[in-house]
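*Asks:* Listed in order, the protein sequences are those of chains A and H. For the first sequence, counting from 1, position 85 maps to 85 in the numbering used here; every step adds exactly one. For the second sequence, counting from 1, position 90 maps to 90 in the numbering used here; every step adds exactly one.
2 protein chains.
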Amino acid sequence: MAEDFQLHERLAEDTVEVARWTLSRVLLMNDSHYPWLVLVPQRSGLRDFDDLAEADLPVMTGEILRASRLLKAAFRPDKMNVAALGNQVPQLHLHVIARFTADAAWPGPVWGVRPPEPYTPEALAERLALLRGAGA
Amino acid sequence: MAEDFQLHERLAEDTVEVARWTLSRVLLMNDSHYPWLVLVPQRSGLRDFDDLAEADLPVMTGEILRASRLLKAAFRPDKMNVAALGNQVPQLHLHVIARFTADAAWPGPVWGVRPPEPYTPEALAERLALLRGAGA
Chain A
1 MAEDFQLHER
11 LAEDTVEVAR
21 WTLSRVLLMN
31 DSHYPWLVLV
41 PQRSGLRDFD
51 DLAEADLPVM
61 TGEILRASRL
71 LKAAFRPDKM
81 NVAALGNQVP
91 QLHLHVIARF
101 TADAAWPGPV
111 WGVRPPEPYT
121 PEALAERLAL
131 LRGAGA
Chain H
1 MAEDFQLHER
11 LAEDTVEVAR
21 WTLSRVLLMN
31 DSHYPWLVLV
41 PQRSGLRDFD
51 DLAEADLPVM
61 TGEILRASRL
71 LKAAFRPDKM
81 NVAALGNQVP
91 QLHLHVIARF
101 TADAAWPGPV
111 WGVRPPEPYT
121 PEALAERLAL
131 LRGAGA
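1) Determine the direct distance from the alpha carbon of H:Leu-71 to that of A:Asp-50, and round the result to whole angstroms.
2) If you measure beta-carbon to beta-carbon, which residues of the stretch 74 to 95 of chain A are closer than 7 Å to chain H?
3) Can you name the residues of chain H whose CB is closer than 7 Å to the CB of A:Thr-61?
4) Please list, in chain order, all residues of the same chain as H:Glu-17 whose beta carbon is under 7 Å from its beta carbon, the five residues on each side excluded.
5) Could you please give the first and the last residue of the uninterrupted alpha helix (DSSP H) stretch that includes H:Thr-61?
6) Select from the stretch 17 to 42 of chain A all residues with a C-beta closer than 7 Å to any C-beta belonging to chain H, and list them in chain order.
7) Listing by chain order, which chain A residues have their CB less than 7 Å from the CB of H:Phe-5?
8) DSSP has H:Ser-24 in a bridge; who is on the other side?
9) Specify the secondary structure class of A:Glu-9 as computed by DSSP and reduced to three states.
10) Quick check on H:Leu-94: does DSSP put it in helix, strand or coil?
11) Output needed in chain order: residues of the stretch 44 to 55 of chain A with a Cβ under 8 Å from some Cβ in chain H.
12) Three Cβ pairs or more, each shorter than 8 Å: is that satisfied between the stretch 67 to 83 of chain A and the stretch 120 to 136 of chain A?
13) Suppose contacts are defined by Cβ-Cβ distances below 8 Å. Is H:His-95 in contact with H:Ala-105 by that definition?
14) Checking contacts by CB at 8 Å: is A:Arg-114 closer than that to chain H?
15) On the premise that A:Phe-75 lies in contact with A:Pro-35, defined as a C-beta separation below 8 Å, what is that separation, rounded to the nearest angstrom?
16) Apply the 10 Å Cβ neighbour rule to A:Pro-109 and answer buried if 16 or more other Cβ atoms are within range, or exposed otherwise.
17) Given that a residue counts as buried once 16 or more other Cβ atoms are within 10 Å of its Cβ, and exposed if not, what is H:Pro-41?
18) Under a CB-based cut-off of 8 Å, is A:Arg-127 close to chain H?
19) Do A:His-8 and A:Val-59 count as a contact pair if the criterion is CB distance below 8 Å?
20) With a CB to CB cut of under 6 Å and the five nearest residues on each side skipped, what residues in its chain are close to H:Phe-100?
21) Roughly how many whole angstroms lie between the Cα atoms of A:Leu-11 and H:Leu-131?
22) Which residue from H:Val-38, H:Trp-111, H:Ala-55 and H:Glu-54 puts its Cα closest to that of H:Gln-91?
23) What separation, rounded to the nearest whole angstrom, lies between the Cα atoms of A:Leu-57 and H:Gly-86?
24) Can you give me the Cβ contacts of H:Gln-6 inside the same chain, cut-off strictly under 8 Å, excluding the 5 residues immediately before and after it?
25) Residues of chain A with CB under 9 Å from H:Leu-131, in chain order?
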């Protein structure tokens with residue numbers, strides 16, 4: 001399945017790998033403003049959500065729920081945001097973002113609001129451990 | 001099922017009803033900048049995507065695909081955006097938006113970029129006929 005799959009270079013630059021699930025590569029957006037996961041189905045040639053194969057749909061849905069629930073468990077956010085936009089990066093990827101009424105973009109969407117603030121190496125290690133401990 | 005369901009007043013104000021599907025109320029965002037559907041699962045008490053009942057998930061996914069594919073068929077967009085945000089309206093709703101590289105917000109997300117430009121009555125009637133003809 002994943003033989004042909006190559007993560008888009010822009011996603012590779014902006015994120016850190018957390019895990020590989022059945023369908024998705026699970027990435028942490030390297031922006032400490034928000035607890036923000038990106039799920040990339042490890043299939044080649046997908047752009048839109050509706051490009052997913054029939055057999056992959058329930059798996060994708062299940063992985064979105066898993067990501068959402070683990071962020072909720074780990075961070076107790078006020079709201080979850082889930083989105084497949086992809087206007088700038090053509091490879092299908094799903095954003096799953098824990099939002100807080102006190103965060104940098106609330107109540108707007110997070111995209112393009114603030115320049116990303118990368119994690120320090122220590123904060124990144126801690127964040128990855130927290131996510132993996134919560135089920136990622 | 002839908003007995004308890006009440007469409008949130010903000011969604012009712014901002015949209016026009018297109019159809020009622022098995023799970024979702026299908027609404028057209030009254031903003032002529034973008035072909036933009038909003039799917040509202042007719043269940044009470046849902047906020048986040050992961051609040052959907054197990055049994056409703058494949059139905060929701062199928063209706064997202066149906067909305068996305070009918071917008072593609074009707075408008076031949078450059079990209080589809082799908083999102084569950086809900087930072088301002090607490091009732092779970094899914095945006096399915098046809099995007100064009102020449103549209104008012106490209107390549108950013110559409111939310112909050114431009115004040116909505118409501119359809120004229122004629123344009124609205126035409127748009128609803130087009131959507132229903134495309135399978136909504």
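Virtual Cβ for every residue (Gly too), placed ideally from N, Cα, C.
*Replies:* Taking the definition as stated:
1) Reading the first sequence from its first residue, position 50 is the one you call residue 50 of chain A. Reading the second sequence from its first residue, position 71 is the one you call residue 71 of chain H. Going from the Cα of A:Asp-50 to the Cα of H:Leu-71 covers about 11 Å.
2) Lys-79, Met-80, Asn-81, Val-82, Ala-83, Ala-84, Leu-85, Gly-86, Asn-87 and Gln-88
3) Counting from one through the first sequence, the residue named residue 61 of chain A turns up at place 61. Those are Leu-57 and Thr-61, listed as they occur along chain H.
4) Looking up residue 17 of chain H in the second sequence gives position 17. The residues are Arg-25 and Leu-27.
5) Locating residue 61 of chain H in the second sequence gives position 61, counting from the first residue. In this chain, the alpha helix (DSSP H) harbouring H:Thr-61 covers 57 to 75.
6) Going along the stretch 17 to 42 of chain A in chain order, one finds no residue with a Cβ nearer than 7 Å to chain H.
7) Mapped onto the second sequence, residue 5 of chain H falls at position 5. By Cβ distance, chain A contributes nothing, its closest Cβ being about 21 Å from H:Phe-5, past 7 Å.
8) Stepping through the second sequence from its first residue, residue 24 of chain H is reached at position 24. BP columns for H:Ser-24 point to H:Pro-41.
9) On the first sequence, residue 9 of chain A is found 9 positions in, with the first residue counted as 1. In the structure shown, A:Glu-9 sits in a helix (DSSP, three-state: H, G or I).
10) Numbered from its first residue, the second sequence carries residue 94 of chain H at position 94. Note: H:Leu-94 maps to strand in three-state DSSP.
11) Arg-47, Asp-48, Phe-49 and Asp-50
12) Because the criterion of three Cβ pairs below 8 Å is met, the stretch 67 to 83 of chain A and the stretch 120 to 136 of chain A touch.
13) By one-based count along the second sequence, residue 95 of chain H stands at place 95. By one-based count along the second sequence, residue 105 of chain H stands at place 105. Cβ distance not < 8 Å, so H:His-95 and H:Ala-105 don't count as in contact.
14) By 1-based counting over the first sequence, the position of residue 114 of chain A is 114. No - not a single Cβ of chain H is within 8 Å of the one on A:Arg-114.
15) Translated into positions along the first sequence, residue 35 of chain A becomes position 35. Translated into positions along the first sequence, residue 75 of chain A becomes position 75. The beta-carbon distance between A:Pro-35 and A:Phe-75, rounded to whole angstroms, is 5 Å. This is short enough to meet the 8 Å contact definition.
16) For the purposes of this step, residue 109 of chain A is taken as the residue at position 109 of the first sequence. Looking at its Cβ environment, which holds 16 or more other Cβ atoms inside 10 Å, A:Pro-109 is buried.
17) The residue you call residue 41 of chain H lines up with position 41 of the second sequence. Buried, because 16 or more other Cβ atoms sit within 10 Å of the Cβ of H:Pro-41.
18) Taking the first residue of the first sequence as 1, we reach residue 127 of chain A at position 127. No - not a single Cβ of chain H is within 8 Å of the one on A:Arg-127.
19) Residue numbering aside, residue 59 of chain A sits at position 59 when the first sequence is read from its first letter. Residue numbering aside, residue 8 of chain A sits at position 8 when the first sequence is read from its first letter. Against a cut-off of 8 Å, the Cβ pair of A:His-8 and A:Val-59 comes out as no contact.
20) For the purposes of this step, residue 100 of chain H is taken as the residue at position 100 of the second sequence. Here the set comprises Pro-77 and Asp-78.
21) Taking the first residue of the first sequence as 1, we reach residue 11 of chain A at position 11. Taking the first residue of the second sequence as 1, we reach residue 131 of chain H at position 131. Roughly 34 Å separates the two Cα atoms.
22) Here residue 91 of chain H refers to the residue found at position 91 of the second sequence. When only C-alpha atoms are compared, the closest one is H:Val-38.
23) What you label residue 57 of chain A is simply residue 57 of the first sequence in a count that begins at 1. What you label residue 86 of chain H is simply residue 86 of the second sequence in a count that begins at 1. One C-alpha to the other measures close to 23 Å.
24) Along the second sequence, one-based indexing puts residue 6 of chain H at 6. Answer for H:Gln-6: Ser-44, listed in chain order.
25) Here the question's residue 131 of chain H lines up with position 131 in the second sequence. At a C-beta separation below 9 Å, H:Leu-131 has no neighbours in chain A, since its nearest C-beta there lies roughly 16 Å away.
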